[in-house]
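Asks: Chains as they are written, first to last, in the numbering used here: chain V, 1 to 458; chain P, 1 to 752.
(1) Could you tell me whether the Cβ of residue 590 (chain P) comes closer than 8 Å to any Cβ of chain V?
(2) Mind pulling the beta strand (DSSP E) runs of 3 or more residues that sit fully within the region 191–240 of chain P?
(3) Is residue 540 (chain P) near the ligand GTP, going by C-beta to nearest heavy atom under 7 Å?
(4) Verify the CB distance criterion: does residue 202 (chain V) have a CB-CB separation below 8 Å to chain P?
(5) In chain order, what residues of the same chain lie with their CB nearer than 7 Å to the CB of residue 112 (chain V), ignoring the 5 residues before and after it?
(6) Checking contacts by CB at 8 Å: is residue 523 (chain P) closer than that to chain V?
(7) Thinking residue 207 (chain P) and residue 138 (chain P) are a contact (beta carbons under 8 Å), I'd like their distance in whole angstroms, please.
(8) Just the chain V side, please: which residues come within less than 9 Å of residue 737 (chain P) by C-beta, in chain order?
(9) Looking at C-alpha atoms only, which residue of P:542, P:525, P:529, P:628 is the closest neighbour of residue 515 (chain P)?
(10) Anything in the region 217–248 of chain V with a Cβ closer than 7 Å to a Cβ of chain P? List those residues in chain order, please.
(11) Using a Cβ-Cβ cutoff of less than 7 Å, which residues in the same chain neighbour residue 423 (chain P) once the five nearest sequence positions on both sides are dropped?
(12) Identify the contact partners of residue 266 (chain V) in chain P, using a Cβ-Cβ distance below 7 Å as the criterion.
(13) Quick one: does residue 506 (chain P) have its CB under 8 Å from some CB of chain V?
(14) Quick one: what's got a C-beta closer than 7 Å to residue 120 (chain V)'s C-beta in the same chain, skipping five residues either side?
(15) Exposed or buried, what is residue 146 (chain V) when buried is set at 16 or more other beta-carbons lying within 10 Å of its beta-carbon?
(16) Can you check the region 455–506 of chain P for any alpha helix (DSSP H) of at least 4 residues that lies completely inside it and give the ranges in chain order?
(17) Expressed to the nearest angstrom, what Euclidean distance is found between the alpha-carbon atoms of residue 289 (chain P) and residue 295 (chain P)?
(18) Between the region 398–418 of chain V and chain P, which residues of the former have CB atoms less than 8 Å from a CB of the latter, in chain order?
(19) CA-CA distance, residue 361 (chain V) and residue 379 (chain P)?
(20) Show which residues of chain V have a CB atom less than 7 Å away from the CB atom of residue 520 (chain P).
(21) If we count Cβ pairs, one from each stretch, closer than 8 Å, do we get three or more for the region 52–64 of chain V versus the region 297–317 of chain V?
(22) Can you tell me which residues form a DSSP beta bridge with residue 416 (chain P)?
(23) So with Cβ pairs under 8 Å, would you call residue 501 (chain P) a contact of chain V?
(24) Is it the case that the Cβ atoms of residue 535 (chain P) and residue 489 (chain P) are separated by a distance below 8 Å?
(25) Just curious, the alpha helix (DSSP H) that residue 24 (chain P) is in, first and last residue?
(26) DSSP three-state call for residue 124 (chain V): helix, strand or coil?
(27) Under the three-state reduction of DSSP, which class applies to residue 82 (chain V): helix, strand or coil?
(28) Counting only runs of 3+ residues fully inside the region 107–168 of chain V, write out the beta strand (DSSP E) ranges in chain order.
(29) Residue 599 (chain P) lies in the alpha helix (DSSP H); which residues open and close that run?
(30) Along chain V, in chain order, which residues have C-beta atoms closer than 9 Å to that of residue 664 (chain P)?
(31) Where in the region 283–326 of chain V do unbroken runs of the beta strand (DSSP E), each at least 3 residues long, occur, reported from the N-terminal end onward?
(32) Counting only Cβ pairs nearer than 7 Å, list the residues of chain V close to residue 699 (chain P).
(33) In three-state terms, what does DSSP make of residue 63 (chain V)?
(34) Tell me which residues share the same chain as residue 158 (chain P) and place their Cβ nearer than 7 Å to its Cβ, disregarding the 5 neighbours each side in the sequence.
(35) Does the beta carbon of residue 561 (chain P) sit closer than 8 Å to a beta carbon anywhere in chain V?
(36) I'd like to know if the region 78–90 of chain P and the region 108–125 of chain P are in contact, where contact means that at least 3 CB-CB pairs between them fall below 8 Å.
As structure tokens, this is what we get:
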């Protein structure tokens with residue numbers, strides 16, 4: 001039912017506009033404007049069909065997913081979302097003229113959910129492409145179109161307006177969002193949000209499925225920055241300070257600090273550059289390397305985060321802070337942020353997948369052990385699940401051997417998997433919710449014995 | 001039995017045994033069907049099967065289905081008196097009675113009276129009937145050993161009820177050889193759907209009456225009465241029974257009072273009441289099961305200025321008693337709780353002055369062969385429900401410690417007073433308690449409720465305890481302050497249950513009985529008895545033996561494994577806030593409750609007791625045992641000191657030892673745990689969430705709930721408009737400012 005509503009709404013809006021048009025002159029021009037804008041970008045919209053690897057349910061399996069993208073250069077560079085091409089082992093793209101090409105990932109940035117892929121075109125082939133508009137100039141109420149392949153329905157356009165041009169979402173540290181009521185559904189991810197000039201003002205990435213036409217796009221200004229970085233270096237490098245920031249006027253928490261400059265330190269990670277530099281919770285950072293810091297409202301925070309992320313790693317930066325009414329200068333040497341997601345490992349005979357703990361992605365596990373691996377998934381009828389291992393469990397030891405990395409786990413797996421049948425049991429030490437427990441992992445059962453019945457597969 | 005009552009006589013078979021078909025036909029002429037209609041029982045719920053006896057349920061069913069109960073009987077005199085087996089339900093439930101004779105004659109009837117010693121009643125015409133009824137003429141008064149007899153009773157054949165004659169040869173053994181007119185126990189294997197049959201001699205002439213019974217101790221069978229018992233047996237006419245009931249009610253009424261027992265909520269007042277720790281009690285007390293904390297019971301004044309409430313609370317409930325009151329003159333009077341009896345289900349409270357006591361005489365007892373009165377009072381549907389019914393000592397069985405257990409004819413509920421016809425107390429029907437059973441019942445899941453093990457106590461067995469309760473009170477069933485009650489006796493370990501595979505890999509199969517017994521230690525708390533014993537993670541605790549007890553309590557893995565499943569989903573999706581930006585996840589409690597299988601078991605043994613703990617070392621595989629004196633653990637999260645901050649709308653608790661261990665906090669790390677956020681409060685609006693920590697207020701560390709209170713109250717009294725809280729959640733912090741203007745709306749009820 002919600003899907004039907006989402007499909008119908010843009011059509012209803014268009015009919016409404018046409019009906020309004022019948023009463024006057026101008027609305028007809030709007031129709032024309034929208035049509036022209038669409039024609040400028042629509043040929044560059046790509047239906048992306050990656051085959052990705054998934055480790056979530058206890059084994060390494062292939063998954064076909066649907067996504068969208070937009071071509072931004074005549075030689076076939078396509079912008080899409082990180083989550084569309086993440087862990088892709090094969091990418092096929094269908095262009096608007098229904099030609100299909102394979103593609104390869106040029107680079108990807110999980111934290112802004114952006115990725116750049118390149119179409120594998122025949123020599124001397126060019127593609128139509130779209131150009132970026134100015135997302136900073138966009139205002140609430142402006143007409144926009146979402147283009148892409150919702151639920152795999154390729155070459156789809158939906159029309160709406162900008163609901164909010166500077167939406168802040170906590171989980172995205174480095175960018176604000178354009179909120180729109182143009183229908184964005186699964187499959188729209190990576191597709192362009194287009195203004196009436198026929199320019200890309202955003203890359204669609206999120207929707208609130210329980211809501212009605214609550215979609216979010218990454219503004220083109222941020223997209224261009226990230227793309228340039230990827231084209232230059234193949235990835236986006238950021239500095240890590242270990243600081244969590246909070247706006248001076250945070251209405252959701254009622255924090256009102258009567259200052260017009262700076263940003264509040266909400267949290268300082270243990271063993272981080274910020275803790276080494278002596279920064280404390282409650283400090284107000286006013287300037288970094290002489291550049292003023294403006295984090296008055298939550299909408300200002302992504303800019304401040306980008307400011308800190310742009311600091312050169314390994315080089316001391318001067319932080320001017322206010323603490324207890326006094327101004328201090330503190331030297332902080334940021335580290336490179338490094339990877340923001342840990343690797344995956346399948347232990348097939350154990351029906352188990354592990355994931356490396358990453359301090360950005362696995363906050364809960366990192367809180368307890370900092371470094372290590374945890375159970376990412378276990379197959380429903382598999383050996384690990386039957387033995388009592390659960391997703392989220394931190395693996396401390398396998399057979400008495402400490403496990404601090406995926407390599408340790410791999411080595412332990414190789415060692416114990418060589419046990420003869422009938423004796424294939426190993427004692428694992430697990431940390432679950434902060435409690436250390438022991439699990440006897442019994443992997444004597446053959447794969448046929450532990451295969452799920454067909455009807456349970458999905 | 002809607003149509004004619006048919007006779008299906010196996011004439012050939014009877015004749016083969018020498019019976020005369022004409023005589024049998026003559027006896028069958030006296031058969032009658034008693035059609036009983038019922039009135040609504042306002043104070044019983046037909047759904048409450050636990051409370052109602054099978055007989056009452058039968059009456060309920062007939063009432064619900066708007067049909068009469070058809071009960072078999074035999075006319076025993078020419079005026080139309082009809083003898084029948086005692087149907088078991090209270091006679092007061094009967095609305096209308098019609099009796100249908102075998103020849104089709106129907107007349108309105110009423111209950112005539114009750115046989116005192118036998119399970120029989122009689123009915124009689126409501127008005128005199130001008131007709132000579134065919135009736136049973138008994139050939140002789142007595143029954144003789146070795147008699148051959150036939151039974152003439154009622155049975156179903158193709159949904160119709162038929163009279164049925166069966167030839168039997170049964171050795172009739174005198175039940176009471178000294179009294180010729182006493183009942184005789186007939187052994188009969190086949191049971192018919194209707195109790196109440198005529199006994200015919202070998203020739204087919206009536207010589208007695210047989211009643212089937214189902215007793216509450218599970219025994220069933222038949223009892224055969226000689227004609228003398230029917231014709232000359234002691235009996236009470238219905239009007240006299242009615243007078244007895246009125247007299248007893250009037251006599252007991254001045255001594256009976258409503259007693260309210262207020263329980264401390266198991267959890268803190270800011271939380272939902274916990275319903276898991278009422279032990280055996282909630283099975284009989286739905287109030288407690290529903291999480292309500294007031295029990296309304298009835299007691300009666302006894303000599304010595306006390307009120308006896310004949311209900312078992314159990315130790316776990318007794319420990320939670322916060323207040324006891326007695327209703328006196330329309331108001332509640334606070335009275336002292338004096339104790340719970342150790343051997344039987346009852347407790348005593350102090351009596352307000354001026355309540356006349358029920359006489360308690362040490363030598364009074366229930367006498368066999370005499371009808372007694374069962375009187376119970378309960379709070380039902382918000383009203384006082386008194387039930388006064390007759391009952392009989394019907395059978396005896398060998399009970400605990402080879403005591404004679406009286407088995408009454410009708411089931412009785414817990415808390416029934418047993419009275420003689422004059423209203424004098426002669427016994428109690430209450431739960432039977434056995435020494436040490438609370439200890440042995442180490443599993444909270446298969447602990448059979450004592451309320452299900454009722455016993456009829458003759459007064460002489462309990463009179464001494466009632467009159468001088470000092471030595472009869474359970475010393476462990478004393479109220480303790482709420483926080484103390486929640487603080488379990490501890491060993492100071494966290495554990496997981498063992499399994500065969502686990503113990504196989506650990507090389508501990510033998511001491512753990514193939515992995516069936518044992519608790520694998522996963523954490524030992526500093527300064528705990530376990531640390532003093534030298535227990536370490538990897539050791540397996542096997543059993544605990546109370547000093548003086550012959551056998552230890554083994555910790556069965558199957559009893560502990562349910563608790564292994566404790567796992568709060570530590571993060572769950574939170575609601576979007578009004579800004580639509582909150583993708584944060586709500587924290588959950590990750591630390592386990594300290595009241596667990598192990599501490600519950602130790603609590604049953606009791607604080608201050610010497611206990612020998614047996615374990616096996618994980619590293620050396622050496623068996624160890626050592627004695628400790630059980631002591632209460634430090635305060636844990638559930639028993640922690642706390643303060644409900646009404647201004648901000650949070651309840652905060654001290655950071656206790658197990659929370660610190662679970663969150664890997666240093667022993668001196670500041671902070672209090674938010675245990676509750678009031679809906680709609682300032683705290684909720686600022687997105688404070690349960691199980692987050694408040695580490696600092698206005699940059700000063702907060703060490704405890706008391707310090708938190710001081711800081712907030714100081715901030716309010718100093719006139720500061722707001723406080724700045726540093727909130728922690730798994731290593732991440734944020735700063736929240738909360739204004740301290742008085743909370744809107746009326747003050748909430750409940751203690752701070």
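For each residue, glycine too, the CB sits at the ideal point set by N, CA and C.
Replies: With the structure as the only source:
(1) yes
(2) 197–201, 206–214, 220–226, 235–237
(3) Questions concerning the ligand GTP fall outside what the structure shown contains, since it holds no ligand whatsoever.
(4) No Cβ of chain P is located within less than 8 Å of the beta carbon of residue 202 (chain V).
(5) 174, 175, 218, 222, 226
(6) Yes - at least one Cβ of chain V is within 8 Å of the one on residue 523 (chain P).
(7) 6 Å
(8) 250, 253, 254, 255, 256, 257
(9) P:542
(10) 244, 246
(11) Excluding residues within five positions, the ones whose Cβ falls inside 7 Å are 247, 248, 251, 252.
(12) 733, 734, 735
(13) yes
(14) 101, 102, 103, 104
(15) buried
(16) Within the region 455–506 of chain P, the runs of alpha helix (DSSP H) that reach at least 4 residues and sit entirely inside it are, in chain order, 459–467, 482–486, 500–506.
(17) The predicted position of residue 289 (chain P) is uncertain, since its pLDDT is 39 and thus under 50; no value can be drawn from it.
(18) none
(19) 58 Å
(20) 438
(21) no
(22) According to DSSP, residue 416 (chain P) bridges with P:429.
(23) yes
(24) no
(25) 21–28
(26) coil
(27) helix
(28) Here the runs fully enclosed are 114–119, 143–148, 156–167.
(29) Unbroken alpha helix (DSSP H) run through residue 599 (chain P): 597–605.
(30) Under the 9 Å cutoff, chain V gives 367, 368, 434.
(31) Restricting attention to beta strand (DSSP E) runs no shorter than 3 residues, the region 283–326 of chain V encloses them at 284–288, 317–323, ordered along the chain.
(32) 282
(33) strand
(34) Because the pLDDT of residue 158 (chain P) is 48, which lies under 50, any placement of that residue in the model is unreliable, and the number read from its coordinates should be weighed accordingly. Leaving aside the five residues that flank residue 158 (chain P) on each side, none in its chain has a CB nearer than 7 Å to its CB.
(35) Closer than 8 Å: no.
(36) At 8 Å Cβ cutoff, the stretches touch.
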